[in-house]
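Take a look at the structure set out below.
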Amino acid sequence: MSFLRRMFSSDYRAAVAAEAAGNVDLAAERYGLAGELADAVRMHLARAARAPNRHAEIGALRDA
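The structure is reproduced here in structure tokens:
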């Protein structure tokens, strides 16, 4: 995605804001909507790393 397209994409800006706020679920969703699939996967992996138990970790990895 080009620099200008990123800056004008409301989904991308919302994803960056959600990531900065620590809301990885919303960030993953918004990155996906913005077409940044690698960043969406990165957010799902971050969610898996924060999972409180094994079942939540597996669920996050499946989402990725």
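For the sequence shown, our numbering begins at 3 and goes up steadily by one. For glycine and all other residues, C-beta sits at the position ideal for the given N, C-alpha and C. From a predicted model like this one, the values you see are computed outputs, not experimental measurements.
Does DSSP classify R61 as helix, strand or coil?
-> Looking up residue 61 in the sequence shown gives position 59. According to the sequence provided, residue 61 is Gly. The question's Arg does not apply to it. Note: G61 maps to helix in three-state DSSP.
Return the residue from the list R56, R64 and L6 that minimises the CA-CA distance to A42.
-> Translated into the one-based positions of the sequence shown, residue 42 becomes position 40. Answer by Cα proximity: R64.
Would you tell me roughly how many angstroms separate the C-alpha atoms of Y14 and A23, rounded to the nearest one?
-> Translated into positions along the sequence shown, residue 14 becomes position 12. Translated into positions along the sequence shown, residue 23 becomes position 21. Counting only the Cα atoms, A23 lies some 14 Å from Y14.
Taking the C-alpha atoms as reference points, what is the distance between A48 and A66?
-> For this step, residue 48 is matched to residue 46 along the sequence shown. For this step, residue 66 is matched to residue 64 along the sequence shown. Looking at the two C-alpha atoms, the distance is approximately 10 Å.
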